[in-house]
Amino acid sequence: MATARTKHLKRLRRLHRSARGWSVRAGLLTGATAVLVPYSGLGLPDAFWAAGAGGSIAIAIWRWIDYRAFRQLPVPEEPDPMLAGALAREKLVGLVQRLPAGKTALAEFDRQRESFRLRGLTVAEPWKRLDRASAMLSGLVGRLGPTAEAAVLDAAVAERSLRDLAQRTASVERAMGLGPAGESLRPAHAALAAQLEQGVTAYEQFVTAAAGCVAEDSATLGNLSDATAFLHGVAEGLADLRSTPNARPQPA
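Read in order, the letters of the sequence shown correspond to residues 3 to 254 in this note's numbering.
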């Protein structure tokens with residue numbers, strides 16, 4: 003991707019080449035006019051030579067004026083590599099999103115990247131389970147009907163809260179590896195991990211009940227209501243936990 007500095011220098015070189023080129027043309031035409039007019043006398047063709055020479059001189063002068071004026075402008079600074087990389091990524095993401103199934107591909111890429119970052123931590127397995135359940139629910143949403151819209155909304159809120167909780171748990175677990183001082187975080191980590199496990203289990207129960215409704219099993223209609231109520235309660239508890247970041251989590 004061309005930066006502002008690159009574009010500025012490229013235009014400066016282009017103006018310089020143009021000025022030099024017209025200077026050469028003006029010199030050739032002026033020299034030809036100076037030789038041919040005395041040699042063959044002044045006639046109609048010589049008027050064209052003289053006009054061409056004069057026009058070339060005028061254009062050359064304008065090009066040199068443009069070049070010198072542009073050269074006085076400040077040259078843009080080199081952009082920060084991190085900022086340039088972020089801008090390039092935004093453009094690439096925008097391009098991919100306009101392609102068919104581009105958003106789905108980007109979402110899958112983000113999930114895989116996040117799973118890789120959590121590899122080796124205790125939250126990696128709950129995160130994978132949440133990914134699987136979320137993907138399954140995405141395929142069921144269009145078949146649940148309008149009566150399940152509120153339940154699906156509760157599930158979306160719960161999923162966001164669970165992902166936030168997983169990230170917090172992962173941060174605490176990474177901090178535990180800092181040495182003896184990190185051992186004091188072990189009780190908090192255990193409480194967060196237990197909360198995450200409970201939430202992911204509730205989310206999976208909700209998705210299972212939703213799948214049963216799609217299968218038109220009347221026995222699962224009540225299960226979906228129960229799972230929704232349970233999931234709603236879990237989501238509220240996670241929201242309270244997120245709104246009080248300084249409070250010590252209590253084990254479930």
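Where is the CB? At the ideal position from N, CA and C, for every residue including glycine.
DSSP three-state assignment for residue i, whether helix, strand or coil
| i | result |
| --- | --- |
| Glu-80 | coil |
| Arg-145 | helix |
| Leu-180 | coil |
| Arg-121 | coil |
| Thr-5 | coil |
Under 8 Å between C-beta atoms of residue i and residue j
| i | j | result |
| --- | --- | --- |
| Glu-161 | Leu-132 | yes |
| Gly-201 | Leu-142 | no |
| Ala-137 | Glu-206 | no |
| Arg-70 | Trp-24 | no |
| Val-125 | Ala-168 | yes |
| Leu-120 | Val-209 | no |
| Leu-17 | Ala-55 | no |
Test: residue i CB closer than 8 Å to a CB of chain C
| i | result |
| --- | --- |
| Gln-74 | Absence of chain C from the displayed structure is noted, only one protein chain being present. |
Alpha-carbon spacing of residue i relative to residue j, whole angstroms
| i | j | result |
| --- | --- | --- |
| Arg-7 | Phe-72 | 13 Å |
| Gly-33 | Ile-59 | 12 Å |
| Leu-198 | Ala-192 | 10 Å |
| Ala-21 | Ala-53 | 19 Å |
| Gln-74 | Leu-11 | 12 Å |
| Ile-63 | Lys-9 | 24 Å |
| Glu-80 | Ala-36 | 49 Å |
| Val-154 | Asp-166 | 19 Å |
| Arg-13 | Gly-29 | 24 Å |
Residue environment, residue i, which counts as buried when at least 16 other CB atoms sit within 10 Å
| i | result |
| --- | --- |
| Phe-118 | exposed |
| Pro-253 | The predicted position of Pro-253 is uncertain, since its pLDDT is 41 and thus under 50; no value can be drawn from it. |
| Arg-15 | exposed |
| Pro-78 | exposed |
| Pro-128 | buried |
| Ser-220 | With a pLDDT of only 47 at Ser-220, under 50, the local geometry of the prediction cannot be trusted, and the value read off the model is given with reservation. It counts as exposed. |
| Ala-172 | buried |
| Arg-19 | exposed |
| Ala-183 | exposed |
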